[in-house]
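Written below as structure tokens is the structure these notes are about.
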Amino acid sequence: LNRRLAEFGTTIFAEMSALAAATGSINLGQGFPDTDGPEEIREAAVRALRDGRGNQYPPGPGVPELRTAIAAHQLRRYGLSYDPDTEVLVTAGATEAIAAALLALVEPGDEVVALEPYYDSYAASIAMAGGRRVPVTLRPHEGSFRLDLDELRAAVTDRTRLLLVNTPHNPTGTVLTRAELAAIAELAVERDLLVVTDEVYEHLVFDDAEHVPLATFPGMRERTVSIGSAGKTYSFTGWKVGWVTAAPELVGAVRSAKQFLTYVASGPFQYAVAEALALPDSYYEEFRRGMLARREILAEGLTAAGFGVFRPAGTYFITTDIRPLGEKDGFAFCRALPERAGVVAIPNAVFYDDREAGAPFVRFAFCKGEKVLREAARRLRAM
Ligand code: PMP
Ligand code: GLN
12 LNRRLAEFGT TIFAEMSALA AATGSINLGQ GFPDTDGPEE IREAAVRALR
62 DGRGNQYPPG PGVPELRTAI AAHQLRRYGL SYDPDTEVLV TAGATEAIAA
112 ALLALVEPGD EVVALEPYYD SYAASIAMAG GRRVPVTLRP HEGSFRLDLD
162 ELRAAVTDRT RLLLVNTPHN PTGTVLTRAE LAAIAELAVE RDLLVVTDEV
212 YEHLVFDDAE HVPLATFPGM RERTVSIGSA GKTYSFTGWK VGWVTAAPEL
262 VGAVRSAKQF LTYVASGPFQ YAVAEALALP DSYYEEFRRG MLARREILAE
312 GLTAAGFGVF RPAGTYFITT DIRPLGEKDG FAFCRALPER AGVVAIPNAV
362 FYDDREAGAP FVRFAFCKGE KVLREAARRL RAM
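In the UniProt record's numbering, the protein residues as written are 12 to 394.
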């Protein structure tokens, strides 16, 4: 293994899901739902397979039906207009979109400013691109993890090539506010930076929180690569259908990298996701409402079990503080948890360069059935 990748080892999600399987624990670690997405969308995939749509290499940028549906979704939800032919690219999940964007846009030695804690593929993708990651740490403040805009400004140097943003944010559940996003946008324009924004949890926002795409801010459309995924929104994480929307030169750049990573993926599923994107607003509302109920069950359970709970404004993850339990090392805690309670969780430290800063935090996923969540809560209380 080369020096660029040596520090990363095995992704925590594989390690923890294997531990859950080996111990028969409830898996609240890796973020995938225990109920598949809509029947009619599964049927759409079966139809595509049966009718021979997508069984051979689909077009490099993605099938036209899906690109058109992605563009229509961006327009309908956010008033963002993208040309399906030149400004939309289908990828093998958001994971490939992130990797391809960084490989395409970062020169060796460029600095990439990312919000810490960050989704684990960010650090690896920056490293594979030869970039240097510059974390700006979200810090706990009155029940949520917040961005310090002065710290963000200070992190930008003459070597900064791009900002890598994620909202709603995994693992903290923070949804950046309109004012925070406006400040990020102003900074990007002022310092002439590219922005890659991972918005895979765009449809999972709760309470008064609102998801505002960075691309909607003044001066941003032309410098922003926006990333979405069917995995999270339609509960098909195994299909690996993601996408990029951006200006033609940026999409072209990402495509240059993407064509040599997978070239294409998920043929028949692309047709099914095109149908999913056209689901009525009631689908999204119901999906959100269901997750909100689950958030409440798990948040109550974790609170009753003695965890410090950061109630997320978005995503399907709850970050907790284990110090009220007399613990301080999330790694040790998560490795022992299957034995102690029959539950698996993720130590947030894996999402930090500054492992100290992340040590006391542990993430639980609530994209599981209500009974499963109640049982997990019962076990954690009994621990
Ligand atoms: N970004 C974030 C913030 C995620 O949590 C995930 C995990 N779903 C991904 C990207 C990867 O998405 P996909 O499964 O579509 O590759
Ligand atoms: N995005 C999911 C999470 O954060 C898992 C993705 C993966 O397994 N790589 O849990």
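Glycine included, every Cβ here is placed at the ideal spot set by N, Cα and C. Bear in mind the structure is a predicted one, so any value in this text is a computation, not a measurement.
Under the three-state reduction of DSSP, phenylalanine 342 is assigned to helix.
Going by DSSP, threonine 168 is part of no alpha helix (DSSP H) at all; its letter is neither H nor E.
Counting along the chain, the unbroken beta strand (DSSP E) around phenylalanine 321 starts and ends at 319 to 321. The beta carbon of glutamine 41 sits closer than 6 Å to at least one heavy atom of ligand 2. Cβ neighbours of phenylalanine 24 within its own chain (closer than 6 Å, five residues either side excluded): Gln41.
Within the chosen limit of 6 Å, ligand 1 does not reach the beta carbon of alanine 134 with any heavy atom.
Counting along the chain, alanine 125 sits inside the beta strand (DSSP E) bounded by residues 122 to 127.
Exclusion of the five residues before and after isoleucine 52 leaves Tyr245, Ala283, Glu286, Ala287 as the residues of its chain whose Cβ lies within less than 7 Å of its Cβ. DSSP places serine 237 in the uninterrupted beta strand (DSSP E) bounded by 235 to 240. For a cut-off of 8 Å, the C-beta gap from threonine 34 to proline 349 is around 4 Å, short enough to register as a contact. For the pair valine 74 and valine 320, the Cα-to-Cα distance works out to about 43 Å.
Burial of glutamate 76 is indicated by the presence of at least 16 other C-beta atoms within 10 angstroms of its C-beta. Set against 6 Å, the gap from the CB of phenylalanine 24 to the closest heavy atom of ligand 2 is smaller. With a threshold of 6 Å, the Cβ atom of valine 211 counts as near ligand 1, since some heavy atom of the ligand is closer than that. Relative to ligand 2, the nearest heavy atom lies less than 6 Å away from the CB of asparagine 181.
Residue pairing from DSSP places glycine 253 in a beta bridge opposite Thr102, Ser240.
C-alpha of glutamate 367 to C-alpha of alanine 360: approximately 7 Å in a straight line.
Here the stretch 123 to 131 makes contact with the stretch 140 to 152; the two share three or more CB pairs at distances below 8 Å. In this structure, glycine 249 has its CB at a distance of at least 6 Å from all heavy atoms of ligand 1. By the Cβ rule, the stretch 219 to 236 counts as touching the stretch 255 to 269, because three or more pairs are nearer than 8 Å. Aspartate 332: member of the beta strand (DSSP E) spanning 328 to 332, first to last residue. Here phenylalanine 372 carries a strand assignment [DSSP, helix/strand/coil]. Looking at the DSSP output, threonine 208 sits in a beta bridge with Val176, Ser237.
From the listed residues Ile195, Val236, Asp47, the smallest Cα separation to aspartate 161 is found for Ile195. DSSP, read as helix, strand or coil, puts histidine 152 in strand. Under the three-state reduction of DSSP output, asparagine 38 falls in the strand class. By the CB criterion at 7 Å, glycine 369 and proline 128 fall inside the cutoff. Relative to ligand 1, the nearest heavy atom lies less than 6 Å away from the CB of asparagine 177. Put simply, the stretch 189 to 203 does not touch the stretch 326 to 342. Fewer than three CB pairs are less than 8 Å apart. When rounded, the separation of the alpha-carbon atoms in aspartate 169 and aspartate 203 is 10 Å. Taken from the Cβ of glycine 35, every heavy atom of ligand 1 lies 6 Å or farther away. Under the 10 Å beta carbon count, glycine 380 is surrounded by fewer than 16 other beta carbons and is classified as exposed. Counting only residues of its own chain and dropping the five nearest sequence neighbours on each side, glycine 317 has a CB closer than 6 Å to the CB of Pro335, Leu336. The shortest CA-to-CA distance from alanine 32 to any of Phe375, Ala387, Val355 is the one to Val355. The beta carbons of phenylalanine 298 and histidine 214 sit about 7 Å from each other, so the pair counts as a contact at 8 Å.
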